[in-house]
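A.B. asks: Heads up: the sequence shown begins at 138 in my numbering, then just goes up one per residue.
Note that CB positions come from ideal geometry on N, CA and C, so glycine has one too.
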Amino acid sequence: MNVNPQKDPKLTPKSVPDDTQLDQALRPKTFQEYVGQEKVKDNLRVIIGAAKKRGEPMEHVLLHGPSGLGKTTLAYLIAKELGTNIRITSGTALEKAGDVGSILSSLSDGDVLFIDEVHRLNKMIEEVIYPAMENFKLDIVIGKGNSARTLQIDLPRFTLIAATTKISLLSAPFRSRFGVNFRLDFYKDTDIERIIGRSAELLGVDIDKDAIRTIAISSRFTPRVANRLLKRVRDYAQIKEAGIISSPLAKESLKMLEVDEKGLEETDRKILLTIAEKFGGGPVGLKSIAAAISEEEATIEDVYEPYLMQLGFLARTPKGRVVTSRGFEHLGLKKKGTLI
């Protein structure tokens, strides 16, 4: 028998929101909904309010700090508070001076240009952006050699918001052209709990306070991780047909994901165990650790080390990395001698 899928509801494809769409839905829409980073928000309210009163574009903003703390969300909120449009790009997407010129010339007065991972801009592009940031002019070189000449184009008065996880890779002249510079820090557990509670409500998930706390302490002090774990716990609860997410159920789900009560994942534990067991607790160089666990040095340094150091499980010394006494205690290992 032929079945028309257009008329059979069982065969009709349905649009299911993926994680990207859910992340957009969970993104705060106002500063009031944005949890944490209170000092940054207070300063931004003053700067935005003053700029609106003067009828001028806001000064250029540099946001830096570990990934997942809300730099992109802040850029959206700044544009919304200013009542302007926002254009989004990344450092890797701007390869030629023409790329910068086409984006800047398409902006309107007061618009916000957001460049994510701005540390990945090459130096030639930085030098093109300098006069655009300072004088709202774009210098274009036409021709080559002795016949080359510079054409200057007037640009709309825009606000550049740049985000980076590696502020040290930005040149000093580039950093100095930002009138506002904020570092986003790791969140407190209480703030993470508020974020999880809000996200659970938006996702239509029933979850008790103990389960929220269980997920929060495993979230690495990072909202992005908290929302990711909440979605995976929700999936587990749906498979188990649980009406409400309880703390024991959340722990079962996190155990399946190999996330422990401190938020350590498999690679985190592998780094600590490698230093503790293969190198006697350290000190050991980053290259040796990377070779031992078959991981890139940059990934260890940028992704895993900051959180391990935040917990006090790992320390950097002039001679190399060292597992601290707290790190040994968490691993359930003992070591003779003096520990950090």
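Buried or exposed for E338, going by 16 or more other Cβ atoms inside 10 Å?
C.D. replies: exposed
A.B. asks: Which term fits R182, buried or exposed, when burial requires 16 or more other beta carbons within 10 angstroms of its beta carbon?
C.D. replies: exposed
A.B. asks: In the DSSP assignment, the beta strand (DSSP E) including H201 goes from what residue to what residue?
C.D. replies: H201: member of the beta strand (DSSP E) spanning 198 to 201, first to last residue.
A.B. asks: Using alpha carbons as the reference points, say which of L410, A379, A452 lies closest to V342.
C.D. replies: A379
A.B. asks: Going by C-alpha to C-alpha distance, which of I298, D347, L292 sits closest to S242?
C.D. replies: L292
A.B. asks: At the level of alpha carbons, what is the spacing between L307 and I290?
C.D. replies: 26 Å
A.B. asks: State the start and end residues of the unbroken beta strand (DSSP E) segment that holds T226.
C.D. replies: Where T226 is concerned, the enclosing beta strand (DSSP E) stretches over 223 to 227.
A.B. asks: Suppose contacts are defined by Cβ-Cβ distances below 8 Å. Is R361 in contact with H201 by that definition?
C.D. replies: no
A.B. asks: Going by DSSP in three states, K377 sits in which element: helix, strand or coil?
C.D. replies: coil
A.B. asks: Quick one: Cα of A234 to Cα of V317, how far?
C.D. replies: When rounded, the distance between both Cα atoms is 25 Å.
A.B. asks: Below 8 Å between beta carbons: does that hold for D485 and T221?
C.D. replies: This structure cannot speak to residue 485, because the chain is shown only from 138 to 477.
A.B. asks: Give the range of the beta strand (DSSP E) segment to which G552 is assigned.
C.D. replies: Since the displayed the chain opens at 138 and closes at 477, residue 552 lies outside it and no answer follows.
A.B. asks: Tell me the rounded alpha-carbon separation between Y324 and L206.
C.D. replies: 8 Å
A.B. asks: Taking only the alpha-carbon atoms, compute the straight-line gap between E218 and D246 and give it to the nearest angstrom.
C.D. replies: 15 Å
A.B. asks: Just how far apart, CA to CA, sit L211 and A435?
C.D. replies: Distance between the alpha carbons of L211 and A435 is about 26 Å.
A.B. asks: Going by beta-carbon coordinates alone, are E389 and E395 separated by less than 8 Å?
C.D. replies: no
A.B. asks: For V237, which of A353, R314, I277, I223 has the nearest alpha-carbon?
C.D. replies: Minimum Cα distance to V237 is reached at I277.
A.B. asks: With respect to the alpha helix (DSSP H) encompassing V265, which residues constitute its N-terminal and C-terminal limits?
C.D. replies: Segment 260 to 272, the alpha helix (DSSP H) holding V265.
A.B. asks: From E271 to V265, what distance separates their C-alpha atoms?
C.D. replies: 11 Å
A.B. asks: Tell me whether the beta-carbon of R224 lies closer than 8 Å to the beta-carbon of F251.
C.D. replies: yes
A.B. asks: What do you reckon, are the CB atoms on I412 and L445 nearer than 8 Å?
C.D. replies: It is not a contact, given that the beta carbons lie outside the stated cut-off.
A.B. asks: Using DSSP with H/G/I as helix, E/B as strand and the rest coil, what is S245?
C.D. replies: coil
A.B. asks: Can you give me the Cβ contacts of L451 inside the same chain, cut-off strictly under 8 Å, excluding the 5 residues immediately before and after it?
C.D. replies: Excluding residues up to 5 positions away in sequence, I408, L409, I412, E442, L445, R458, V459, V460, T461, G464 lie with their Cβ nearer than 8 Å to the Cβ of L451 in the same chain.
A.B. asks: Can you look up F478 in the DSSP assignment and give me helix, strand or coil?
C.D. replies: The structure shown does not extend to residue 478, since the chain is modelled only from 138 to 477, so the question has no answer here.
A.B. asks: Take the Cβ of N364 as the centre, count every other Cβ of all protein chains shown within 10 Å, and call the residue buried at 16 or more, exposed below.
C.D. replies: buried
A.B. asks: What's the call for Q174, buried or exposed, on a 16-neighbour Cβ count within 10 Å?
C.D. replies: buried
A.B. asks: Tell whether a beta-carbon distance below 8 Å holds between I184 and E196.
C.D. replies: yes
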